Amino acid sequence: MERIKVTRAVLPDLAEYTDEIRELWDSHWITNMGIKHDELQKLLEEYLEVKHVSLLCNGHMALENALEALEIPSGSEIITTPFTFASTVHAIVRKGYKPVFCDIRTEDYTIDTTKLETLISDKTSAILPVHVYGNVCDVDAIGEVAKRHGLKVIYDAAHAFGVRYKGRSVFAYGDASIISFHATKVFNTIEGGAVCHADGGLTDKLYELMNFGIRSEESITSVGGNAKMNEFCAAMGICNLRHIDEEIGKRKAVYERYVSNLGGVDGITLNKYGPDITPNYSYFPVLLDNRDQVFERLAQSGIDARKYFYPIASEYECYKDSFDSSKTPVALDVSRKILTLPMYGDLSPEDVDRICGIVSGEA
Ligand SMILES: Cc1ncc(COP(=O)(O)O)c(C=O)c1O
Numbered sequence: 167m168e169r170i171k172v173t174r175a176v177l178p179d180l181a182e183y184t185d186e187i188r189e190l191w192d193s194h195w196i197t198n199m200g201i202k203h204d205e206l207q208k209l210l211e212e213y214l215e216v217k218h219v220s221l222l223c224n225g226h227m228a229l230e231n232a233l234e235a236l237e238i239p240s241g242s243e244i245i246t247t248p249f250t251f252a253s254t255v256h257a258i259v260r261k262g263y264k265p266v267f268c269d270i271r272t273e274d275y276t277i278d279t280t281k282l283e284t285l286i287s288d289k290t291s292a293i294l295p296v297h298v299y300g301n302v303c304d305v306d307a308i309g310e311v312a313k314r315h316g317l318k319v320i321y322d323a324a325h326a327f328g329v330r331y332k333g334r335s336v337f338a339y340g341d342a343s344i345i346s347f348h349a350t351k352v353f354n355t356i357e358g359g360a361v362c363h364a365d366g367g368l369t370d371k372l373y374e375l376m377n378f379g380i381r382s383e384e385s386i387t388s389v390g391g392n393a394k395m396n397e398f399c400a401a402m403g404i405c406n407l408r409h410i411d412e413e414i415g416k417r418k419a420v421y422e423r424y425v426s427n428l429g430g431v432d433g434i435t436l437n438k439y440g441p442d443i444t445p446n447y448s449y450f451p452v453l454l455d456n457r458d459q460v461f462e463r464l465a466q467s468g469i470d471a472r473k474y475f476y477p478i479a480s481e482y483e484c485y486k487d488s489f490d491s492s493k494t495p496v497a498l499d500v501s502r503k504i505l506t507l508p509m510y511g512d513l514s515p516e517d518v519d520r521i522c523g524i525v526s527g528e529a
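Under this note's numbering, the very last position in the sequence shown is 529; numbers go up by exactly one each time.
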């Protein structure tokens with residue numbers, strides 16, 4: 167029997183993709199903001215209901231470049247959570263800022279806004295909350311705290327493609343949000359990412375940062391790097407966007423089957439979506455008292471689950487000497503119990519039932 171992976175890249179029909187890239191053979195224009203790049207950018211601005219989408223080669227570079235474009239002072243402190251993917255914290259550190267870790271909420275693993283203000287110092291410049299698993303942070307409280315203290319807000323919305331909150335795109339909040347279009351995400355461009363923002367002024371800064379600071383052929387105005395999205399990735403995005411609502415619909419059915427099998431089972435806590443959230447069903451995280459045993463049982467049955475996120479960032483080898491992970495007890499506890507189960511639109515109901523049998527200890 168084929169192994170069940172924790173996720174599976176969404177791909178269009180091969181013919182649809184080859185049709186999409188045919189023009190690239192005619193023009194020989196395969197990167198540097200070509201027609202596919204521009205088309206995808208416009209389509210995403212419409213789909214995500216944001217004023218500006220700047221496309222990049224991946225979500226991580228979107229994060230690094232967003233921090234720089236927002237002109238957050240070098241050496242300042244940025245408040246985030248340790249319960250995230252390495253990219254969030256690495257971006258802060260690699261750009262010369264100091265991460266300050268805030269604990270998370272038990273109910274949805276996003277930043278605990280009741281603890282935010284105690285972490286603000288005269289060095290704090292920004293808050294970088296994570297819409298983890300596509301759950302939505304308390305954007306209203308974060309906005310109020312940021313306003314009170316004059317802080318920038320950049321959302322790591324890598325997991326939140328298409329998510330809505332109170333009927334509004336989740337990307338409408340904060341000074342900027344970044345998304346990942348990595349192959350493992352609900353919507354992919356193979357590798358890719360974007361910064362979403364309402365401030366048109368950021369577009370030029372992001373453009374220069376992703377394209378060597380080049381303004382025109384004879385004018386190089388800033389010290390930018392290279393983080394452009396190429397035409398093949400953009401073409402994949404155009405194809406996948408045609409089918410995104412169908413993919414999210416299929417994931418919803420998988421989610422509902424999981425919930426009907428595992429809801430109410432002793433020792434298993436499911437991720438709940440609040441009434442104000444329109445989810446994208448990007449992950450299926452569960453909290454388990456016997457997480458490591460279940461992980462092993464699944465692996466032995468040919469099923470790959472993922473301890474996502476374990477360890478928390480403050481426990482990484484590269485950070486553990488600089489941080490005290492006991493200061494974020496909820497994040498620490500969740501990281502020791504969390505398991506994300508296989509989730510993708512084409513996961514069959516029979517496979518979901520088999521996974522649930524193993525997770526609940528019945529099989
Ligand atoms: C929370 C979070 N932030 C940032 C990233 C970075 O995105 P990418 O892999 O596209 O560079 C990821 C990627 O998986 C992520 O999960």
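For every residue, glycine included, the Cβ atom is placed at its ideal position computed from N, Cα and C.
What you are looking at is a predicted structure, and each value in this text was computed from that prediction instead of being measured.
In whole angstroms, what separates the C-alpha of residue i from that of residue j?
i    : j    : result
V311 : I524 : 44 Å
P248 : V266 : 9 Å
H348 : C405 : 15 Å
K394 : N377 : 7 Å
K416 : D192 : 36 Å
P515 : T355 : 27 Å
I521 : K503 : 17 Å
S526 : Y421 : 16 Å
N198 : A465 : 43 Å
F251 : N231 : 17 Å
D499 : R457 : 12 Å
A257 : K264 : 10 Å
A228 : D432 : 41 Å
E212 : L407 : 11 Å
D517 : T444 : 25 Å
E528 : L428 : 11 Å
D487 : V452 : 30 Å
D490 : R314 : 28 Å
L180 : G403 : 14 Å
Using beta-carbon positions only, say whether residue i and residue j come within less than 8 Å of one another.
i    : j    : result
L233 : I293 : no
G300 : A326 : yes
G359 : I345 : yes
A323 : V336 : yes
Y482 : F450 : no
I434 : I170 : no
A400 : L282 : no
H363 : H218 : yes
A307 : T279 : yes
T387 : G379 : yes
Got a sec, what are the start and stop residues for the alpha helix (DSSP H) residue i sits in?
i    : result
S501 : 495 to 503
P515 : 515 to 525
I187 : 180 to 193
E230 : 225 to 235
T369 : 366 to 376
I414 : 410 to 428
A257 : 252 to 260
I469 : Element bounds for I469: n/a, residue is neither H nor E.
E211 : 201 to 213
Go ahead and label residue i buried or exposed: buried means 16 or more other beta carbons lie within 10 angstroms of its beta carbon, across all protein chains shown.
i    : result
K332 : exposed
C484 : exposed
G241 : exposed
M167 : exposed
E374 : buried
N224 : buried
V389 : exposed
A235 : buried
E243 : buried
H203 : buried
Whole-angstrom Cβ separation of residue i and residue j, contact assumed at under 8 Å?
i    : j    : result
L454 : L505 : 6 Å
L190 : E357 : About 17 Å; that fails the 8 Å criterion.
A479 : L507 : With a Cβ gap of about 23 Å, A479 and L507 do not count as contacting.
Y447 : T173 : About 12 Å separates the two Cβ atoms, so there is no contact after all.
D288 : K318 : Actually they are not in contact, since the Cβ atoms of D288 and K318 sit about 15 Å apart, beyond 8 Å.
V496 : I270 : 5 Å
G328 : V352 : 7 Å
V296 : T350 : Not quite, the Cβ-Cβ distance comes to about 16 Å (not below 8 Å), so this is no contact.
Go to residue i, then tell me how far its beta strand (DSSP E) extends in each direction, as first and last residue.
i    : result
C362 : 359 to 363
I345 : 342 to 346
F450 : 450 to 454
V319 : 318 to 322
H218 : 218 to 222
I245 : 243 to 246
L436 : 434 to 436
K264 : 264 to 267
I293 : 290 to 293
I308 : Here I308 belongs to no beta strand (DSSP E); instead the alpha helix (DSSP H) covers 305 to 315.
I380 : 380 to 382
Please determine whether the Cβ atom of residue i lies at a distance below 7 Å from any heavy atom of ligand 3.
i    : result
S346 : Of the ligands one can find in the structure shown, namely ligand 1, none is ligand 3.
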